[in-house]
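Residue numbers (my numbering): 48 to 275.
1) Please state the DSSP three-state secondary structure of residue 65.
2) Between residue 140 and residue 147, what straight-line distance do the alpha-carbon atoms span, to the nearest angstrom?
3) Can you tell me where the alpha helix (DSSP H) holding residue 216 begins and where it ends?
4) Could you check whether residue 219 and residue 162 sit closer than 7 Å to each other, using their CB atoms as the reference points?
5) May I ask you to report which of helix, strand or coil DSSP gives residue 163?
6) What is the DSSP secondary structure of residue 196, counted as helix, strand or coil?
7) Between residue 120 and residue 84, which are expected to be in contact by the criterion C-beta below 8 Å, what is the C-beta distance as a whole number of angstroms?
8) Do the CB positions of residue 265 and residue 228 come within less than 7 Å of each other?
9) Give the straight-line distance between the Cα atoms of residue 88 and residue 203, rounded to the nearest whole angstrom.
10) Counting only the same chain and skipping the five closest in sequence on each side, list residues whose C-beta sits under 7 Å from that of residue 217.
11) Give me the Cα-Cα distance between residue 60 and residue 80, rounded to the nearest whole angstrom.
12) Could you check how far apart the C-beta atoms of residue 62 and residue 179 are, in whole angstroms? I think they sit under 8 Å.
13) Select from 246, 215, 255 the residue whose C-alpha is nearest the C-alpha of residue 226.
14) Check residue 137 in the structure and name its three-state DSSP category.
15) Could you tell me whether the region 89–100 touches the region 143–158, where touching means 3 or more Cβ pairs closer than 8 Å?
16) Quick check: what's the CA-CA separation for residue 91 versus residue 72?
17) How many angstroms separate the CA atom of residue 240 from the CA atom of residue 95?
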């Protein structure tokens, strides 16, 4: 799955993987999952035959998408693929392109923006609050008071169940929300405040650290991107 424009989220029992337009998601056969498109998203889905699927990871993964991989994905999912005559005529060429894509994924680095799904009722209550209001800057102790749990207990649950601190998890959630807002063409300052950052510089640093590019460059690339 690839978002030529916009943002995808891929959900499995392990949690949610966020897939902005500089990443591509791979899900092997046999993994129960569902996906959602956020913002003005141009979603592309490509199925691999078993012979090539065996060469890809045996688990869900998210990779940085190279320029070559992007063009291959766009070609293999473009309008000509809905024309049976053209598709049959170019079958050998399409097979070669799929192999190129798999080779590119072998060379790519996994870049997973993963938001683990909490199972404990107390963590789920915290998650619901922040899903609805990602800009809520309440400390963990205050959020704990709202749901009837101590900050110490919640900190331990985040560490043991999700493998990260509350603040790391909230930052991941906020960056995901920021990707959706940027895909809807909101500017960096608006997105920073909407997602809970007191100033744009803090947002830019956190976003760049996770996504690999600044919010401004990410937004600009969407504005000028054309897709076959």
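Cβ coordinates follow ideal geometry from the N, Cα and C atoms, glycine included.
This is what the structure holds:
1) strand
2) 11 Å
3) 213–230
4) yes
5) strand
6) coil
7) Contact doesn't hold; Cβ gap of about 16 Å is too wide.
8) no
9) 37 Å
10) 177
11) 8 Å
12) Wrong, their Cβ atoms sit about 19 Å apart, outside the cutoff.
13) 255
14) coil
15) yes
16) 11 Å
17) 41 Å
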